[in-house]
Amino acid sequence: MDLSLSNRPEGDKTVVEVGGEIDVYTAPRLREQLVDLVADGKYHLVVDMERVDFLDSTGLGVLVGGLKRVRAHDGSLRLVCTQERILKIFRITGLTKVFPIHDSVEDALAATD
Numbered sequence: 001m002d003l004s005l006s007n008r009p010e011g012d013k014t015v016v017e018v019g020g021e022i023d024v025y026t027a028p029r030l031r032e033q034l035v036d037l038v039a040d041g042k043y044h045l046v047v048d049m050e051r052v053d054f055l056d057s058t059g060l061g062v063l064v065g066g067l068k069r070v071r072a073h074d075g076s077l078r079l080v081c082t083q084e085r086i087l088k089i090f091r092i093t094g095l096t097k098v099f100p101i102h103d104s105v106e107d108a109l110a111a112t113d
């Protein structure tokens, strides 16, 4: 399985749509995308994970790294995920306390930082 990535501006936020598997092989592409967005001054990111089929520890590390990057600029990184198998990973690791996780892109965009 591969990783699909795209992003689009939504007001002062940028939505990053991710699909497929985020693992040791594909996570560097997501990391590069997040690094590039921050380098371009995009500090408020919404990562839409609704089409993610698999997430491993490497993928979690990339998301945590992205969060650290945007927070260094007083930014935010919000996740969109309703899939129980992916949410379970965030709960087990305690990352539900670190990441705001929303049910829809619209909810994530409407949330205030």
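All residue numbers in the sequence shown are consecutive under the UniProt record's numbering, ending with 113. Cβ atoms here follow ideal geometry from the backbone N, Cα and C, with glycine treated the same way.
What span of residues does the beta strand (DSSP E) with residue i cover, start to end?
i, result
"L77", "76-80"
Per DSSP, which residues does residue i bridge with? Please list them.
i, result
"D48", "E17, V80"
"R8", "V15"
"I101", "L79"
"I22", "L55"
"G3", "Checking the sequence, you will find Leu at residue 3 rather than Gly. Bridge partners of L3: G20."
Could you please give the first and the last residue of the uninterrupted alpha helix (DSSP H) stretch that includes residue i?
i, result
"L67", "57-71"
"P28", "27-39"
"L109", "105-110"
Pick helix, strand or coil for residue i, following the three-state DSSP scheme.
i, result
"F54", "strand"
Closest to residue i by C-alpha separation, out of the options, would be which residue?
i, options, result
"Q83", "V38, H44, H102", "H102"
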